[in-house]
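Protein chains in written order, with my numbering: chain A, 203 to 450; chain B, 203 to 450.
What follows is one structure encoded as structure tokens, with my remarks underneath.
Here it is, written out as structure tokens:
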């Protein structure tokens, strides 16, 4: 058995998320089907760094699996790519030892969130951005982002679907750049872990701050109250990208 | 009756082209259905500046139609947009007099063609670019583009589907910019008219020149021989955008 670590990108539009589900088209399902073809029917379990929801994209999702037999990392990349549909691509392939685990070994993750600020929905962006056509003061968002950095209890920012008890996470960096050319806000969040829907809830809250509907320092209050009802909004899946996963 | 001129953008991925076809989803069909709703069932003919093929996009397609009754141009824009699917958007609306005709009045058109030069197919670009993963010398393309400008017989560059006899057209400008950030070549062609598939055939030929498989000045020969078999290639529809239509 040889353990491979692959870095993959996918357009999440036509997937029912990352995780395998009977009958439904998922990223894990597509990968496991390809590996099963390569091993003439053997079931190979693919482990991802974490799930992504339906419609969420990835520039750099990381997976691992144990393959019976050995081939070079480059040949594995080519072999899997030749079996991928056009909305998934393997960008990198490395042979790792058994100590490597795509989920348990994660140290940091970076998510990107793209917001289209145009007045109308742009036909070319509908699957690739969230859309916020209301007034925004980017400076207010910049101030709020500083409150996010550090170790906080993110209970107010976790969707009810999650099962994790401890909701304390550390955000190492949280940035926002406004791109005048395409009228887009691009957020980036790097942290040691993210709760279910957390990035999308953070973005929805940040946009409300930018719009003046919340106090600039509302995050400080939201960390205290630990109440999902107080954060309310969830930005759409289409704007979210798993950008990079970091290991030791 | 009031004549409206609308400028529309669409993502061509899920359309069977611009022109109305029974049963199939087309841009003209979607627009005429919307207008029919607004007039409680009256059939209104939409005239476009020209057709676009299945998978071809538009940033600035222009249409006109005659509407029974009158409303402000702004209200027409809002009304039609409220009935459009997410892959079509009306960007501009003007009331024009009967002398205006979206097809016969065209003076110039600008097409854009995006080529992804990345090694692998990018999951996010598959519907929005052509893909050319081979070596390219952009300087050779730049030289070839100069041969294109001016009045020429484009018989070698017209797909057989066309019915037009006179294949002489004038190209006012033909440019190419390589964008290092996203590894894309962006072509732009402005001319007084384009034959069926002409831009896509020009791009395929330009890429062969850039790759060294054709002489840099092969366009001069191709204008002379007037033979579609000599140009051969057709770049995919997914990379083509009708950018702007100019009237008097």
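Ideal Cβ placement from N, Cα and C applies to all residues, glycine included.
Quantities reported herein were computed from a predicted structural model and do not represent experimental measurements.
At a cut-off of 8 Å between beta carbons, residue 213 of chain B contacts chain A. Residue 436 of chain B sits close to residue 399 of chain B, with the two beta carbons spaced by under 8 Å.
The C-beta of residue 337 of chain A has fewer than 16 other C-beta atoms within 10 Å across all chains shown, which makes the residue exposed. Taking 3 residues as the minimum length, the beta strand (DSSP E) runs contained wholly in the stretch 306-362 of chain B are 308-318 and 352-355, in order along the chain. With fewer than 16 other Cβ atoms inside 10 Å of its own Cβ, residue 241 of chain B counts as exposed. Shown here, residue 264 of chain B sits in a strand according to DSSP, grouped into three states. Nearest C-alpha to residue 349 of chain B among B/335, B/301, B/407 and B/321: B/407. For residue 234 of chain A, the enclosing alpha helix (DSSP H) has its first and last residue at 229-240. Residues 203 and 205 of the same chain have their beta carbon placed closer than 6 Å to that of residue 268 of chain B, with the five preceding and five following residues left out of the count. 288, 289, 290, 291, 292 and 293: these are the residues of the stretch 288-309 of chain A whose beta carbon lies less than 9 Å from some beta carbon of chain B, given in chain order.
At a Cβ-Cβ threshold of 8 Å, residue 374 of chain A and residue 357 of chain A do not count as neighbours. Residue 367 of chain A sits exposed, since fewer than 16 C-beta atoms from the chains shown fall within 10 Å of its C-beta. Within the same chain, and ignoring the five residues on either side of residue 255 of chain A in sequence, the residues whose Cβ sits closer than 7 Å to its Cβ are 219 and 439. Secondary structure of residue 283 of chain B (DSSP, three-state): helix. In the structure shown, the three-state DSSP call for residue 304 of chain B is coil.
Its Cα nearest to that of residue 341 of chain B, the residue B/410 stands out among B/410, B/216 and B/215. Counting along the chain, no alpha helix (DSSP H) covers residue 204 of chain A; the unbroken beta strand (DSSP E) around it starts and ends at 204-212. Around the CB of residue 244 of chain A, fewer than 16 other CB atoms lie within 10 Å, so the residue is classed as exposed. Residue contact check for residue 392 of chain B against chain A: no CB pair falls below 8 Å. Interface flag for residue 399 of chain A against chain B is unset, since no Cβ pair is found closer than 8 Å. Taking a Cβ-Cβ threshold of 8 Å, none of the residues of chain B is close to residue 318 of chain A; the smallest such distance is about 12 Å.
C-alpha of residue 314 of chain B to C-alpha of residue 217 of chain A: approximately 30 Å in a straight line. In the three-state reduction of the DSSP assignment, residue 448 of chain B falls in the strand class.
At least 8 Å separates the beta-carbon of residue 251 of chain B from that of residue 292 of chain B.
Interface criterion not met: the Cβ of residue 396 of chain A is under 8 Å from no Cβ in chain B.
About 5 Å separates the Cβ atoms of residue 210 of chain A and residue 263 of chain A, confirming a contact at the 8 Å cut-off. Taking C-alpha positions only, residue 376 of chain A is separated from residue 331 of chain A by approximately 18 Å. Assignment of residue 382 of chain A by DSSP, reduced to helix, strand and coil, places it in the coil class. For residue 326 of chain B, the nearest CB of chain A lies under 8 Å from its own CB, placing it at the interface with that chain. Setting aside the 5 residues that flank it on each side, residue 427 of chain B is surrounded in the same chain by 358, each with a C-beta closer than 8 Å to its C-beta; the list follows chain order. In terms of Cα proximity to residue 343 of chain B, the closest of B/235, B/371, B/421 and B/412 is B/412. Contact with chain B is absent for residue 228 of chain A, since none of that chain's Cβ atoms lies less than 8 Å from the residue's Cβ. For residue 237 of chain B, the CB contacts under 6 Å within the same chain, skipping 5 residues up- and downstream, are 246 in chain order. Using a Cβ-Cβ cut-off of 8 Å, residue 336 of chain A does not count as an interface residue toward chain B, since no Cβ of chain B sits closer than that to its own. Leaving aside the five residues that flank residue 386 of chain B on each side, the residues in its chain whose CB is nearer than 7 Å to its CB run, in chain order, 316, 317, 318, 319 and 331. The contact set of residue 283 of chain B on chain A, defined by CB atoms closer than 8 Å, consists of 322 in chain order.
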